[in-house]
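Protein chains in written order, with the numbering used here: chain A, 1 to 182; chain B, 183 to 364.
Here is the structure we will look at.
Number of protein chains: 2
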Amino acid sequence: MTAARITRCAQDLAEERGLDGFTMHDVADCAGVSRRTLFNYVSGKLDAVLGVPPAPDPSRLIEFRAGGPTGRLADDVKATIGAFLDSKDLAPEDWERVRRLIAADARLHKAMHENFAKVAAFLADAILEREGARFDPLRARAAATVTLSLFDVALDAFVADPSTSLAAYFMAAFDGAAALFD
Amino acid sequence: MTAARITRCAQDLAEERGLDGFTMHDVADCAGVSRRTLFNYVSGKLDAVLGVPPAPDPSRLIEFRAGGPTGRLADDVKATIGAFLDSKDLAPEDWERVRRLIAADARLHKAMHENFAKVAAFLADAILEREGARFDPLRARAAATVTLSLFDVALDAFVADPSTSLAAYFMAAFDGAAALFD
DNA sequence: GCATTGCACTAATGAAGGTGGAGTGCATCA
DNA sequence: TGATGCACTCCACCTTCATTAGTGCAATGC
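If you want it as structure tokens, here you go:
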């Protein structure tokens with residue numbers, strides 16, 4: 001449908017001409033909507049190219065806040081973020097294209113980081129709710145920052161070598177960080 | 183002596199005029215050395231203002247690589263970084279001035295981050311040596327990135343509220359991250 | 001003999017100005 | 001009610017220029 005068409009057009013144009021080589025008017029023409037309408041589907045140019053970011057699954061968040069799915073915080077963070085990262089159901093060649101685009105322009109890399117930063121902040125709030133007084137604001141901040149930095153590690157690894165999925169790299173980075181705190 | 187004089191002059195000038203409002207020639211005149219000699223003491227303008235970064239203590243690094251001081255990785259990382267952050271022996275009012283300068287100019291904040299990034303990379307190498315095959319490159323990268331992000335949390339907290347030392351904030355952030363992996 | 005310094009050079013940065021296009025609000029239309 | 005046209009603001013990027021940061025090298029002085 002329209003959002004997918006927009007993404008495909010934006011990616012085609014970005015690969016051909018680079019991020020600065022096409023306008024949102026070009027994308028709109030390609031996708032068959034007006035430029036104004038385009039912004040009803042994507043929040044900006046970078047998201048047009050990257051595709052609409054997935055929304056966190058409300059039921060998983062409810063479960064997480066209630067202490068699930070396993071009861072162990074680390075495992076539950078892992079499961080929740082892993083599911084989020086896997087929720088973007090792209091074919092391998094689409095992931096490969098996203099990877100190439102991210103590698104080619106630091107602004108896209110930064111946008112990925114920033115999109116995930118929102119998720120990490122959300123998760124920190126959820127941790128505060130779930131864990132109560134055990135987590136003060138500094139701890140919540142540390143948790144969010146660490147989660148985000150592990151995403152960065154995973155993203156860098158994915159861009160460098162896409163034979164492993166972003167979610168799997170995140171899991172590995174998470175385990176690596178856990179080993180630091182053994 | 184000379185390095186301390188350079189730092190004091192650079193800080194005076196930075197507080198009066200902002201980072202762009204004085205030249206290295208001004209600092210040199212104030213400190214009583216030539217501009218050329220100034221660079222024998224500091225690597226650049228930002229380090230003139232922040233003071234020369236401490237060097238990691240070689241004996242502590244040797245101890246760390248050998249599996250010390252306690253044998254538990256998390257405790258040893260904490261102890262080693264804590265000692266490093268405490269090794270800059272400034273009076274409270276000097277720390278307060280550094281804090282004000284960092285808060286006033288993002289470039290100084292960034293320089294602090296980058297100075298610590300070198301330490302974090304060093305530590306990751308030391309972890310690789312100490313822990314051997316248990317830590318592959320991705321794990322080492324995750325460890326370094328997490329350590330650096332916890333420094334960022336500590337630095338932000340210190341700039342916002344300097345009633346606690348940078349080292350103590352780092353310890354608290356480290357414990358907060360450890361709680362994430364419980 | 002080594003640290004300081006002067007000098008000349010390159011590289012980097014900030015300021016200022018301009019521009020195209022991103023992003024947004026609002027009214028109209030189908 | 002969603003799509004669209006239109007007008008507007010804001011912003012990122014580019015260019016130009018001047019200043020200064022940073023650096024290498026040779027000379028000097030203690």
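Even glycine gets a Cβ: it sits at the ideal position worked out from N, Cα and C.
Amino acids of chain B, ordered along the chain, whose beta-carbon sits closer than 8 Å to that of residue i
i, result
"PHE135 of chain A", "GLY358, ALA361"
"THR70 of chain A", "Going along chain B, no residue has its Cβ under 8 Å from THR70 of chain A, so there is no contact; the nearest lies around 12 Å."
Any chain A beta carbon closer than 9 Å to residue i
i, result
"SER216 of chain B", "no"
"GLU311 of chain B", "no"
"THR327 of chain B", "yes"
"VAL335 of chain B", "yes"
"ASP202 of chain B", "no"
"VAL224 of chain B", "no"
"VAL259 of chain B", "yes"
N-terminal and C-terminal residue of the alpha helix (DSSP H) that residue i is part of
i, result
"LYS88 of chain A", "Taken as a continuous stretch (DSSP letters only), LYS88 of chain A belongs to no alpha helix (DSSP H), as it is neither H nor E."
"GLY67 of chain A", "Unbroken run through GLY67 of chain A: none, as it is neither H nor E."
"GLY203 of chain B", "Here GLY203 of chain B belongs to no alpha helix (DSSP H), and DSSP marks it neither H nor E."
"PRO137 of chain A", "137 to 160"
"ARG134 of chain A", "Per DSSP, ARG134 of chain A belongs to no alpha helix (DSSP H) and is neither H nor E."
"MET171 of chain A", "166 to 180"
"ASP47 of chain A", "45 to 50"
C-beta neighbour in chain B for residue i, strict 9 Å
i, result
"LEU150 of chain A", "yes"
"ALA83 of chain A", "no"
"ALA74 of chain A", "yes"
"ASP125 of chain A", "no"
"TYR169 of chain A", "yes"
Interface residues of chain A facing residue i [CB-CB closer than 7 Å]
i, result
"ARG321 of chain B", "GLY176, ALA179"
Whole-number beta carbon distance between residue j and residue i, since they are thought to touch under 8 Å
i, j, result
"LEU46 of chain A", "ALA111 of chain A", "4 Å"
"ALA193 of chain B", "LEU283 of chain B", "The sequence as given places Gln at residue 193 of chain B; Ala does not occur at that position. Between LEU283 of chain B and GLN193 of chain B the Cβ distance is about 7 Å, and since that is below 8 Å, they are a contact."
"MET171 of chain A", "LYS78 of chain A", "6 Å"
"ALA120 of chain A", "LEU61 of chain A", "That pair is no contact at about 13 Å."
"THR443 of chain B", "TYR223 of chain B", "Nothing can be reported for residue 443 of chain B, as the shown portion of chain B is limited to 183 through 364."
Under 7 Å from the C-beta of residue i: neighbouring residues of chain B
i, result
"ASP142 of chain A", "Residue identity check: residue 142 of chain A is Ala in the sequence provided, not Asp. Chain B residues near ALA142 of chain A: LEU332, VAL335, ALA355, GLY358, ALA359."
"ALA157 of chain A", "LEU320"
Chain-ordered chain A contacts of residue i [CB-CB under 8 Å]
i, result
"ASP364 of chain B", "ARG72, LEU73, ALA74"
Handout entry: Any 3 or more C-beta pairs closer than 8 Å across the region 260 to 270 of chain B and the region 161 to 177 of chain A
Key = Segments in contact, no.
Problem - Cβ contact (3+ pairs, closer than 8 Å) linking the region 139 to 149 of chain A and the region 36 to 46 of chain A - result: Note that the region 139 to 149 of chain A does not touch the region 36 to 46 of chain A; fewer than 3 beta-carbon pairs, one per stretch, sit closer than 8 Å.
Practice task
Specify whether the region 340 to 351 of chain B and the region 272 to 282 of chain B touch according to this definition: at least 3 beta carbon pairs, one from each stretch, less than 8 Å apart.
Solution key: With a cut-off of 8 Å, the region 272 to 282 of chain B and the region 340 to 351 of chain B count as touching, because enough Cβ pairs lie within range.
Handout entry: Three CB pairs or more closer than 8 Å across the region 239 to 259 of chain B and the region 304 to 316 of chain B
Key = Taking 8 Å as the limit for Cβ pairs, the verdict is that the region 304 to 316 of chain B does touch the region 239 to 259 of chain B.
Practice task
Specify whether the region 22 to 30 of chain A and the region 69 to 77 of chain A touch according to this definition: at least 3 beta carbon pairs, one from each stretch, less than 8 Å apart.
Solution key: Contact between the region 22 to 30 of chain A and the region 69 to 77 of chain A is absent, because fewer than three Cβ pairs lie under 8 Å.
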